[in-house]
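For reference, the structure is listed below as structure tokens.
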Amino acid sequence: MIKVNFNLRLQDSKDPENIYMVLRWDGNRYRYPTKWKVKPLHWNKKAQKVNAIDEVMKNDINRNLQELKITAQRIYTAAVADNLPITAALLKERLDLHTGRKVVETVTFWSFVNKFIETAPTRILPDTGKKVSRRTIQRYNTARNILQEYEKESGNKLTFDHLDLDMLTDFKQWLTSGKEYAANTVAKYIETLKTFLNAAASEKITVNLDYKSRSFKAKREDADSVYLDEAELAKIAALQLSDQPRLDRVRDLFMIGAYTGLRFSDFMQLQPHHFKNGFIDLTQTKTNNPVTIPIHPKVKEIFDKYKDTRPPKISNQKFNDYIKDVCKEAKITELVEITQTKGGATVKTVAEKYKLVSSHTGRRSCATNLYKKGLPIQTIMAITGHKTEKAFRIYIRLSKLEHAEMISKVWDNEEIKQTA
């Protein structure tokens, strides 16, 4: 049987708040917004009725709430008798029909999302003044596919007014438990959904603002990403790959990342005009931050190797595949334990190190190796482009033993000075 209650959206507001009809059945819950508003001061939470206002108005609202409750119960009973699956979408559709509420949105959720993605290639981002990247558009498309899959599996029809906290929480739970995605993947989809809703709100489309609730957020976790020390980088540099030109080019590009701290999107766009008086001057693609980086001898050697030509363009995905092959040939096979949240549970796995290397490992390696050499954090941040020390420290991938060895080295140097 269905259980019907009424409550207010906010209980501590001084302004009139919407009265919601809360429906519970078979472990499910759906909040249906009624057309009536009342101040929390005039709402009897225990009796779920309006009180302390104009007698006629009070009786009118209470009578309508009671009628709506009976209607909801009848809709549920009829659907059960017809052997229909009881979903929030079904209840909303039939309640809308009963109340005469307009069901059709002038701009639907899906029509907006589709248009938002279709126009992305020509859209200029206000923060950077640049066009939306292909990678970002790919993220939009992936999120759209996931949202379509959720709508189909859950039976919850995605509309701007229907995306309340209950449905958003259900979507998050579906990603976590149903799909068993890692925490960072869940966060990625939630952030992209919020991007869609923020964009709609900015175009004056009426959107349920529950998505801004503190309850609807997904925390990213510090992934167990690896770095390569100087010895491992030397093994990669020493590989003879002339008979494997594809791996040779990827190895060279990776080494540039490892000795400049640049992201994939930045070292792939390096041109001769970026090299000036022993330094690389460029504006980072992701953040639009200008950086000046000293040219490491290995980087100069690689650019001299290609002279006026540049390695052919390659996708980040293909790059990540090939750099693993490179590291495997360099015998970077140390076993590494990885800890991540997946399906809402902490999962630990062990993998050979080369399997964890990606284009971003070069940037992490640069930051970590410079840190190990004792360079001031602010100096390294000036090269990597990090704005905060907190963000930078995520890149430092030293083990407890390596931290201990750094301290031991300082103490040894102090002892040498004292005995000299």
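Following my numbering, the numbering of the sequence shown begins with 1 at its first residue and continues without gaps. Glycine included, each C-beta is placed from N, C-alpha and C at the ideal position.
Quick one, are the C-beta atoms of residue i and residue j less than 8 angstroms apart?
i      : j      : result
ILE205 : PHE112 : yes
ALA183 : LYS219 : yes
GLN73  : VAL22  : no
TYR20  : ARG29  : no
SER359 : PHE319 : yes
VAL336 : VAL357 : no
ILE124 : ARG94  : no
LYS348 : GLU180 : no
PHE279 : THR292 : yes
LYS172 : PHE216 : yes
PHE6   : LEU97  : no
ILE377 : GLU389 : yes
TRP25  : ILE61  : no
LEU68  : THR122 : no
GLU334 : LYS313 : no
LYS45  : ASN51  : no
ASP266 : LEU247 : no
PHE392 : ASN316 : no
In this structure, how does DSSP classify residue i when only helix, strand and coil are distinguished?
i      : result
LYS35  : strand
LEU239 : coil
ASN83  : coil
ALA201 : helix
LYS305 : helix
LEU228 : coil
GLU180 : coil
GLU191 : helix
TYR395 : coil
LEU41  : helix
LEU10  : coil
ARG214 : coil
ASN141 : helix
MET21  : strand
ASN59  : helix
ASN64  : helix
ASN51  : coil
VAL207 : coil
LYS3   : strand
ARG29  : strand
LYS115 : helix
LYS390 : helix
LYS130 : coil
For the putative contact between residue i and residue j, defined by C-beta atoms under 8 angstroms, what is the C-beta separation to the nearest angstrom?
i      : j      : result
THR260 : VAL299 : 6 angstroms
GLY385 : GLN269 : The Cβ separation is near 15 angstroms, so there is no contact.
LEU233 : SER365 : 7 angstroms
VAL250 : ILE323 : 6 angstroms
ASP164 : ASP210 : 5 angstroms
ILE332 : ALA367 : ILE332 to ALA367, Cβ: 19 angstroms. No contact.
THR176 : GLY362 : The Cβ separation is near 32 angstroms, so there is no contact.
ALA330 : LYS235 : 4 angstroms
VAL326 : LEU239 : 7 angstroms
ALA120 : VAL132 : 5 angstroms
ILE137 : ILE117 : 7 angstroms
Inter-stretch contact (C-beta, 8 angstroms, three-pair minimum) for the stretch 5-13 and the stretch 31-41: With a cut-off of 8 angstroms, the stretch 31-41 and the stretch 5-13 count as touching, because enough Cβ pairs lie within range.
Segments of 3+ residues assigned as beta strand (DSSP E) that fall wholly inside the stretch 313-374: Every beta strand (DSSP E) stretch that sits fully inside the stretch 313-374 and reaches 3 residues is listed by chain position as 335-342 and 345-352.
Minimum length 3: unbroken beta strand (DSSP E) runs contained in the stretch 249-301: 279-283 and 290-294
Meets three-Cβ-pair contact criterion under 8 angstroms: the stretch 251-263 and the stretch 194-210: no
Contact the stretch 127-144 vs the stretch 155-162: 3+ CB pairs below 8 angstroms: Here the stretch 127-144 makes no contact with the stretch 155-162; the two share fewer than three CB pairs at distances below 8 angstroms.
Sufficient close CB pairs (3 or more, under 8 angstroms) joining the stretch 72-88 to the stretch 148-157: yes
The stretch 135-150 touching the stretch 188-197, judged by at least three CB pairs closer than 8 angstroms: yes
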